[in-house]
Each structure stands twice: as C-alpha cells, then as structure tokens.
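First the structure, in the form of structure tokens, and then the observations on it.
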Amino acid sequence: MKYRSISLLALGLLALAAGPALACKDAVVLVHGNAGSPGDWSETYGELLASGYAAGEIQRPDWGSKTCAACNNHSGSEEEPVVDAIVEALAVSCSGKIDIIGHSMGATLAAKQVVDYGLADDVDAFVGVAGAFRGLWTCGTYPWNVWNSTCGYWGLSVGSPFLDWLDGKPLGNRVYSIKSWSDQVVCTTGVCTVGGVHSSRISGEDASYSFPYGHFGLQAYTAGFQVDLVD
C-alpha cells in the first residue's frame, strides 16, 4: 500500500512538472477579401499564434483574381480554395468544430460555403468583418446598373438573387459582425445602410460591433478582438 501511494505521488508530481494540459481549440479559417491575399491576415494570424493556436490549426485560403476585382463573384472557381480550407480545418480540429473569420467579400464567400455544404452545425463562431451582406450601393440595385460580375447575379448588388438567398441562413452557433460607419467600400456613397440596417450586419447575428477604422483598418486593427470572439 505504501508503494502504491508513492507511485501515485510520483505520477502527480510528473503531471505538475509537465504543466497544464493544452486546451483544445477550434481550427480557424481566415478568408480574405476581394483581390486580397492570405497575407492580409498577418495581424490576426499573429494574434492566434500568441493565443496558443498552432500554425496547422489556421487555414488562410487564397482565392480569386488579384488583377481583376470586378471579375470575382460568389460562384465558381472562387469557391474551391475556401471550401477546401474549411474541409481541411475540420479534419485537423481537435474540437470537431471550426471558427470562420471573413473580411469584406470573403465573409459572404465563406458564408455561401457554410450554407451550400450544410456546415452551420460545424461552425462554432462566424465573424464577418466589413462584409456587405445587404449589398453595395456602388453596385446598384439588381438588375439595374449591374455592370460587372462582382455586382451581378452572384454578386453584391443590393437585392441580388445571391444575397436574397443568403439572407437569414444559419452560419454557425455564434455569429458576429464587425463594422465601421466610415467604411470606404461599404459606405462609399455616404450611405452605409440598406433598409435602415448597416450592410455589414448579418441577419440573426448574436452581436454587432462598430469601430472607426474603415474598411481595411477593421481587418488589421481589430485582430485581437476577432480572436477574443472566437477563442
């Protein structure tokens, strides 16, 4: 009995020496905006690493044309890298769930993959940063003044069939939007709202947060806040 007690004590001391067990975290998918690149997430990526995420738990898909922003939309080749990243994140996630953070058009593009593949139950947190879930006035109102692919049927014109279809669809267990009232893209015309609601807000969201950083500043300067939302 004495030896059993000593053995148990030794095991306890070894466990203390090894330190606390690492918490199991959701894998994270970071989806950049139109004509952007994975490097646009450098601040968020750094915050995730500093918060204990492993590099292999963070997916940063590279999608769309970099030289023709007006050519990109939410259907076709733009989707493939994003859904592949989501599948990979699910495969490596120790929790069995993932978190998604999307910036600008990357938010609506990621949302489409969640809906198309029925993944809402697999997403713990979905965060849209400077998205245009209700459309862009610079794209016009569908089908009038829709002058390119980004603003077309599968694009971001106000009232586009794509956005009407996406509206109200579940995107995860927790859904948040991060927005600015001085957004150089969403508020280009001087009007940030569609039907009285800021276009970056997501129907059914749990909360929406405003910062004075503009369209691109929101991605960089709220990095720590983004991680707090998903961590």
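Those letters in the sequence shown? Residues -23 to -1, 1 to 208, per mature numbering (1 follows the signal peptide of the UniProt record, and there is no 0), in order.
Note that beta-carbon positions come from the ideal geometry of N, C-alpha and C, so glycine has one too.
- Using a Cβ-Cβ distance cut-off of 8 Å, the region 141 to 151 and the region 59 to 73 are not in contact, since fewer than three pairs of beta carbons, one from each stretch, lie closer than that value.
- Counting other Cβ atoms within 10 Å of its Cβ, G16 stays below 16 and is therefore classed as exposed.
- Taking the CA atoms as reference points, G132 sits about 11 Å from P120.
- Taking 8 Å as the cut-off, the Cβ atoms of A107 and Q196 count as close.
- Scanning the region 113 to 158 from its first residue to its last, the whole alpha helix (DSSP H) runs of 4-plus residues come out as 138 to 143.
- Residue nearest to S180 within the set G129, C164, Q161 and F110 is F110 (criterion: CA-CA distance).
- Beta-carbon to beta-carbon, D98 and D76 are separated by about 14 Å, too far to satisfy the 8 Å threshold.
- Our two residues, V5 and P189, have alpha carbons roughly 25 Å apart in a direct line.
- In the DSSP assignment, Y22 falls within the unbroken alpha helix (DSSP H) covering S19 to A27.
- Note: Q90 is not bridge-paired with any residue in the DSSP secondary-structure output.
- The residue among D39, C45 and A31 with its C-alpha nearest the C-alpha of L7 is D39.
- Sequence-distant Cβ neighbours of N50 in its own chain, meaning closer than 7 Å and more than five residues away, are S126, T127, G129, W131 and G132.
- In the structure shown, G194 falls within a helical segment according to DSSP collapsed to helix, strand and coil.
- Taking 4 residues as the minimum length, the alpha helix (DSSP H) runs contained wholly in the region 21 to 79 are 56 to 69, in order along the chain.
- With contacts defined by Cβ atoms closer than 8 Å, A200 and T21 form a contacting pair.
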